[in-house]
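A.B. asks: First, the structure itself, so that you have it in front of you.
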Amino acid sequence: MPSVSGREVRVALKKAAVWGTAVACGAGDGILCLADSMKKKINSEVDNSLGLAFAEDRDQGNIVVEGGLPAYLRYDSHDRPIALAMGSTQAPTQQGATAAYVNSILLADNIDGLFASLAINKIINVDEFPSDKIVGFTIKGVSGQVVMIEYIKICNDKVVASIVNNLTSFANVTYLEKTNRVLFGQGVFRINAQAGGALADGDIVTPSAFEFTFKRNLKGEYVAGSANKIDEPTNEGVPEIKLKLTFARYTATTYIADLFADVKKKMDITFTGAVIEGAYSRQFKLQFPNLAYSDADAPTKEAKLDNVVEFDCLATTAAPTGMAGILKPFQVNLINKRTTSPLA
């Protein structure tokens, strides 16, 4: 039998309903990804009883299944995993009489009951992760490149010979689309004072790279009768939500002075892609109503100095001007062709 190439590997993700019970991936569930780091580890409980010069036995203990699933960010096909991590959506709004719809994904206080089944077709078999909790994600981009997203995952198990997701069932998997990647060069970055007016063209800044990290603090528990697998992870503490901007040239002390003065900011990052129909183009937008500086520096080095700025993304009690209704640390708005909620 010939060896398998990674070019042949396919990935699918489908929203599930009962923790520990896999659902079969099918039409529209395919998602284009890069090489994952999903791994199953089984703890080894070695018998170290007195009287044994060397261990003669060991038993298998708790199962740990976690890792990352990276991909190129796309306008049309990544709203489902993003929504599973964030927790809430608004009903899609059709734009005119076109095929374009506005989809808003909002942060929920918790994501209890939201998880998926993940299937990775490796040609020899399908690696099935029956219950896949998407803890968060990192979105990052560098000038001249495609914007990347990596999903952070905690799962209950990894099965290599499932009767639910297997080579036969995976033949039903299709993709919503395979194009329309988000490019760094399609982005517009705007930032101003949190208490200032609505963001406008005069607030545009030009970083050479950015990185946004959202990670919930979730934990699953091992209980009797669970076959050493975790129950559904739930909140263990506040999430980590951070934004980092890198400016290729250090030209002013503005950001450093703002850090020292504890100046709060608001910001949006808008990527605009290909036309869907009429006047409506694909769009991926991040909005941050309350940014607090955590670091700002121009590290000394022999080469040209750059300016690195980092923020904690915070909630707010009153939405700033131009961001009506946005009180949570961030929100994702898309314009794409999805006509139903990605959590449907």
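Per this note's numbering, the sequence shown starts with residue 25, numbered consecutively.
C-beta atoms are modelled at their ideal positions from N, C-alpha and C, and glycine is treated no differently.
How about the stretch 171 to 187 and the stretch 125 to 132: do they share at least three Cβ pairs that are nearer than 8 Å?
C.D. replies: Segments in contact, no.
A.B. asks: Take Ala-251 as the anchor and find which of Asp-83, Leu-74, Ile-359 has the nearest alpha-carbon.
C.D. replies: Comparing Cα-Cα distances from Ala-251 to each of Asp-83, Leu-74, Ile-359, the minimum goes to Asp-83.
A.B. asks: Could you give the distance in angstroms between the alpha-carbon of Lys-177 and the alpha-carbon of His-102?
C.D. replies: Distance between the alpha carbons of Lys-177 and His-102: 15 Å.
A.B. asks: Cα-Cα, which of Leu-142, Met-62, Gly-44, Leu-191 is closest to Ile-55?
C.D. replies: Among Leu-142, Met-62, Gly-44, Leu-191, the Cα nearest to that of Ile-55 belongs to Leu-142.
A.B. asks: Confirm, please, whether the CB-CB distance from Gly-85 to Met-62 is below 8 Å.
C.D. replies: For Met-62 and Gly-85, no; Cβs fall outside 8 Å.
A.B. asks: Is the shortest distance between the beta-carbon of Asp-227 and the beta-carbons of chain C less than 8 Å?
C.D. replies: Absence of chain C from the displayed structure is noted, only one protein chain being present.
A.B. asks: Between which two residues does the beta strand (DSSP E) containing Ile-147 stretch?
C.D. replies: It is not in any beta strand (DSSP E) - Ile-147 carries neither H nor E in the DSSP assignment.
A.B. asks: Which residues in the same chain have their Cβ closer than 6 Å to the Cβ of Lys-65, if we skip the five residues on either side of it in sequence?
C.D. replies: Same-chain partners within the cutoff: Val-88.
A.B. asks: Below 8 Å between beta carbons: does that hold for Val-126 and Asn-357?
C.D. replies: In this structure, Asn-357 lies closer than 8 Å to Val-126 by Cβ.
A.B. asks: Per DSSP, which residues does Gly-54 bridge with? Please list them.
C.D. replies: Note: Gly-54 sits in a beta bridge opposite Ala-36, Tyr-199.
A.B. asks: What residue range is occupied by the uninterrupted alpha helix (DSSP H) comprising Leu-108?
C.D. replies: Element bounds for Leu-108: 103 to 110.
A.B. asks: State the start and end residues of the unbroken beta strand (DSSP E) segment that holds Leu-269.
C.D. replies: Element bounds for Leu-269: 258 to 271.
A.B. asks: Could you check which residue in Ser-155, Asp-286, Thr-230, Phe-354 has the C-alpha nearest to that of Val-166?
C.D. replies: Checked all of Ser-155, Asp-286, Thr-230, Phe-354; the closest Cα to Val-166 is Thr-230.
A.B. asks: Given this structure, state the Cα-to-Cα distance separating Lys-309 from Thr-294, to the nearest angstrom.
C.D. replies: If I take the Cα positions, the gap works out to 4 Å.
A.B. asks: Applying the 10 Å Cβ sphere with the 16-neighbour rule, what's the burial state of Arg-31?
C.D. replies: Arg-31 comes out exposed.
A.B. asks: Specify the secondary structure class of Arg-31 as computed by DSSP and reduced to three states.
C.D. replies: If DSSP states are grouped into helix, strand and coil, Arg-31 belongs with the helices.
A.B. asks: Go through its chain and collect everything with a Cβ distance to Asn-204's Cβ below 7 Å, but skip five positions before and after it.
C.D. replies: Around Asn-204: Arg-98, Tyr-99, Asp-100, Gly-297, Ala-298, Arg-306.
A.B. asks: Quick one: is Ser-186 buried, meaning 16 or more other Cβ sit within 10 Å of its Cβ, or exposed?
C.D. replies: Ser-186 comes out buried.
A.B. asks: For the stretch 264 to 271 and the stretch 185 to 201, state whether three or more C-beta atom pairs, one from each stretch, are separated by less than 8 Å.
C.D. replies: Touching, no.
A.B. asks: What span of residues does the alpha helix (DSSP H) with Leu-93 cover, start to end?
C.D. replies: Note, Leu-93: premise wrong, no alpha helix (DSSP H); beta strand (DSSP E) at 82 to 96.
A.B. asks: So Asp-336 and Ser-318 are in contact, right, with Cβ under 8 Å, and what is the actual spacing, rounded?
C.D. replies: With 8 Å as the limit, Asp-336 and Ser-318 qualify as a contact, their Cβ atoms being about 5 Å apart.
A.B. asks: Quick check on Gly-168: buried or exposed, where buried means 16 or more other Cβ atoms within 10 Å of its Cβ?
C.D. replies: Exposed: under 16 other Cβ atoms inside 10 Å.
A.B. asks: With respect to the beta strand (DSSP E) encompassing Asn-129, which residues constitute its N-terminal and C-terminal limits?
C.D. replies: According to the sequence shown, residue 129 is Ile rather than Asn. Ile-129 -> beta strand (DSSP E) spans 125 to 131.
A.B. asks: Using the Cβ count rule (16 or more neighbours within 10 Å means buried), how would you classify Gly-261?
C.D. replies: When all chains shown are included, Gly-261 counts as exposed.
A.B. asks: Do Val-33 and Lys-146 have their CB atoms nearer than 8 Å?
C.D. replies: Yes, these two residues count as a Cβ contact at 8 Å.
A.B. asks: With DSSP as the reference, please indicate the residues paired to Gly-165 in a beta bridge.
C.D. replies: Its beta-bridge partners are Phe-234.
A.B. asks: For Glu-264 and Ser-155, what's the separation of their Cα atoms in angstroms?
C.D. replies: In a straight line, the C-alpha of Glu-264 is about 23 Å away from that of Ser-155.
A.B. asks: What does the alpha-carbon distance come out to for the pair Leu-329 and Phe-234?
C.D. replies: Cα to Cα, the separation comes out at about 17 Å.
A.B. asks: Our contact map puts Leu-58 next to Pro-105 with C-beta atoms below 8 Å; I'd like the distance itself, whole angstroms only.
C.D. replies: Contact flag wrong, Cβ pair sits at about 14 Å.
A.B. asks: State buried or exposed for Leu-191, treating a residue as buried only when at least 16 other CB atoms are found within 10 Å of its CB.
C.D. replies: Label assigned to Leu-191: exposed.
A.B. asks: Just curious, the beta strand (DSSP E) that Tyr-175 is in, first and last residue?
C.D. replies: Element bounds for Tyr-175: 172 to 179.
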